[in-house]
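Residue numbers (the numbering used here): 39 to 144.
The beta carbon of each residue, even a glycine, is placed where N, CA and C say it ideally should be.
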């Protein structure tokens with residue numbers, strides 16, 4: 039789909055939070071998982087921008103772990119605030135998607 043990235047901007051942060059909530063993750067791994075789910079237009083730069091934003095909002099904990107290839111990797115995990123933010127994301131998503139489905143059905 040063309041120009042899907044623009045539409046996804048508001049949703050991707052929630053998707054990244056969800057991926058991190060399932061287990062400690064690093065940037066490339068998150069990008070790969072999004073790509074595997076069909077978000078093929080999402081690139082590493084977009085994910086890293088989101089991770090920086092999550093860090094600034096203090097929604098994630100970061101642990102540097104040794105990598106077999108290259109420098110240490112930053113692994114992200116959700117803290118309590120991150121879990122609360124994710125819960126709010128899903129509440130908003132359910133509200134919006136239900137209204138869109140109603141509109142689509144009209």
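Check residue 117 in the structure and name its three-state DSSP category.
To locate residue 117, count along the chain shown from 1; it is residue 79. Reduced to three states, the DSSP call for residue 117 is coil.
From 79, 65, 137, residue whose alpha carbon lies closest to that of residue 46
Here the question's residue 46 lines up with position 8 in the chain shown. It is 79 whose Cα lies nearest to the Cα of residue 46.
Give me, in chain order, the residues of the same chain whose beta-carbon lies closer than 7 Å to that of residue 53; leave out the 5 immediate sequence neighbours on both sides.
Here the question's residue 53 lines up with position 15 in the chain shown. Take residue 53, set aside five residues on each side of it, and the residues of its chain with a beta-carbon closer than 7 Å to its own are 72, in chain order.
If we ignore side chains and look at the alpha-carbon of each, how far apart do residue 117 and residue 91 end up?
In the chain shown, residue 117 corresponds to position 79, counting from 1. In the chain shown, residue 91 corresponds to position 53, counting from 1. Counting only the Cα atoms, residue 91 lies some 14 Å from residue 117.
Where residue 95 sits in the DSSP three-state scheme:
Within the chain shown, the letter at position 57 stands for residue 95. Residue 95: coil per DSSP, three-state reduction.
Determine the DSSP secondary structure at residue 106, reduced to helix, strand or coil.
In the chain shown, the residue the question calls residue 106 occupies position 68. It is coil, neither helix nor strand.
List the whole-angstrom C-beta distance separating residue 100 from residue 106, where the pair is believed to meet the contact cut-off of C-beta under 8 Å.
Locating residue 100 in the chain shown gives position 62, where the first residue counts as 1. Locating residue 106 in the chain shown gives position 68, where the first residue counts as 1. That pair is no contact at about 20 Å.
Bridge partner(s) assigned by DSSP for residue 63:
One-based indexing of the chain shown puts residue 63 at position 25. Residue 63 pairs with 114.
What are the partner residues of residue 100, as DSSP defines its beta bridges?
Indexing the chain shown from 1 puts residue 100 at position 62. The partner list for residue 100 (beta bridge, DSSP) reads 114.
Count the other CB atoms, across all protein chains shown, that sit within 10 Å of the CB of residue 88; report buried if there are 16 or more and exposed otherwise.
As a working note, residue 88 is residue 50 in the chain shown. The residue is buried, with at least 16 neighbouring Cβ atoms inside 10 Å.
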